[in-house]
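S.K.: Counting in the working numbering, the sequence shown runs from 514 upward without gaps.
Before anything else, here's the structure in question.
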Amino acid sequence: MSIHIVAPQGSIAETVLLPGDPLRAEHIATTCLTEVVRYNEIRGMWGFTGFWKGHRVSVQGTGMGMPSFSIYAHELIKDHGARRLVRIGTCGTMSERLKLRDVLIVQATDCDSGMNVSRFGSYQFAPTASFDLLRRAYEKAIELSIPAQVGNVFTSDQFYDLKGKEKMALAQSVGTMAIEMESCELYTLARLYGVEALTLLTVSDSLLSGEEVPPKERQTTFDSMVLLALSTLFA
Ligand code: HPA
């Protein structure tokens, strides 16, 4: 049991997929897993454990943004024994190299959040993916013919940001490929607590052209990323 994940000891797998939306967690559990048990209902932030091709795996919603993500990831690692955490989400791209529907395999994160300033002060910590998961995701994407790129993401605290344009220009100038709101915290917690972590993101919108993946198609692109995540974890 922990404060936000009220689940009996042992009911969560060592390997956890982390979508932001609890309804996505339910979709993944009911369409990809067998012998599914819902272990958490607190705040509607559902979590499920089941099996994929005989491997035990959990799927936990995290909410949006680093503070919400942090609560769930922290409790999963510290209180429920999670050892491999893979965030699966969406991002907006500011790179010519990344197309709508591509998967971004996130190598490292830039960030404008105060969380790591509060933790590390003037020490500028570099949040990075676990190399082994990153390498396997890259190889699996090729094997499964899923269009994917490896690159860095900008983890932002604000979806509606008055300084959004300036920050996009900065991100572009250092080759950062997309924006989202959680991965910096995942990679930081993973290093602090010695567990493995990776983020996979489908490109849902382009900040260059304003194009978006139509809502009907989002699920299909998301599903192929979930397959990539599971194949990577249990390769
Ligand atoms: N900003 C932040 N997070 C996102 C975006 C965005 O434009 N698109 C998808 N996730």
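Cβ atoms here follow ideal geometry from the backbone N, Cα and C, with glycine treated the same way.
Going straight from the alpha carbon of G627 to that of L683, what length do you get?
M.R.: For the purposes of this step, residue 627 is taken as the residue at position 114 of the sequence shown. For the purposes of this step, residue 683 is taken as the residue at position 170 of the sequence shown. Roughly 18 Å between the two C-alpha positions.
S.K.: With a threshold of 7 Å (Cβ to nearest heavy atom), would D670 be considered close to ligand 1?
M.R.: One-based indexing of the sequence shown puts residue 670 at position 157. No, the beta carbon of D670 sits no closer than 7 Å to any heavy atom of ligand 1.
S.K.: For the region 582-608, list the beta strand (DSSP E) runs that are entirely contained and at least 3 residues long, ordered along the chain.
M.R.: Counting whole runs of 3 or more residues, the region 582-608 contains the beta strand (DSSP E) stretches 597-606.
S.K.: DSSP three-state label for Y673, please.
M.R.: What you label residue 673 is simply residue 160 of the sequence shown in a count that begins at 1. In this structure, Y673 counts as coil in the three-state DSSP scheme.
S.K.: Whose C-beta lies closer than 7 Å to the C-beta of M738 among residues of the same chain, with five residues either side of it excluded?
M.R.: To locate residue 738, count along the sequence shown from 1; it is residue 225. Closer than 7 Å at Cβ, skipping near neighbours: I601, V616, L713 and T715.
S.K.: On the DSSP letters alone, give me the boundaries of the beta strand (DSSP E) that D615 sits inside.
M.R.: Here residue 615 is taken as the residue at index 102 of the sequence shown, counted from 1. Segment: none, D615 is in no beta strand (DSSP E) and carries neither H nor E.
S.K.: Quick check on the DSSP output: the alpha helix (DSSP H) that includes D736 runs from which residue to which?
M.R.: As a position in the sequence shown, residue 736 is number 223, starting the count at 1. Unbroken alpha helix (DSSP H) run through D736: P728 to L746.
S.K.: Just the Cα atoms here: how many angstroms apart are R648 and R551?
M.R.: Residue mapping note: residue 648 aligns to position 135 of the sequence shown, counting from 1. Residue mapping note: residue 551 aligns to position 38 of the sequence shown, counting from 1. Approximately 31 Å, taken between the alpha carbons.
S.K.: Once you ignore the five residues that flank I518 on each side, which residues in its own chain have a CB closer than 6 Å to its CB?
M.R.: Numbered from 1 along the sequence shown, position 5 holds the residue referred to as residue 518. Result list for I518: N553 and E588, in chain order.
S.K.: Would you say G533 and M579 are within 8 Å of each other, going by their C-beta atoms?
M.R.: The residue given as residue 533 occupies position 20 in the sequence shown. The residue given as residue 579 occupies position 66 in the sequence shown. For G533 and M579, no; Cβs fall outside 8 Å.
S.K.: When you compare the CB positions of I618 and V663, do they come within less than 8 Å of one another, or not?
M.R.: Counting from 1 along the sequence shown, the entry for residue 618 is found at position 105. Counting from 1 along the sequence shown, the entry for residue 663 is found at position 150. Contact flag set, yes.
S.K.: For E609 and M514, I'd like the C-alpha separation in whole angstroms.
M.R.: For the purposes of this step, residue 609 is taken as residue 96 along the sequence shown, with counting starting at 1. For the purposes of this step, residue 514 is taken as residue 1 along the sequence shown, with counting starting at 1. Rounded to the nearest angstrom, the two C-alpha atoms are 45 Å apart.
S.K.: Any heavy atom of ligand 1 closer than 7 Å to the beta-carbon of T603?
M.R.: If you number the sequence shown from 1, residue 603 lands on position 90. Flag set: Cβ of T603 near ligand 1.
S.K.: Under 8 Å by Cβ, that's how I've got A586 and L702 pegged, so tell me the actual separation to the nearest angstrom.
M.R.: Within the sequence shown, residue 586 is the residue found at index 73, counting from 1. Within the sequence shown, residue 702 is the residue found at index 189, counting from 1. Confirmed, Cβ separation roughly 5 Å.
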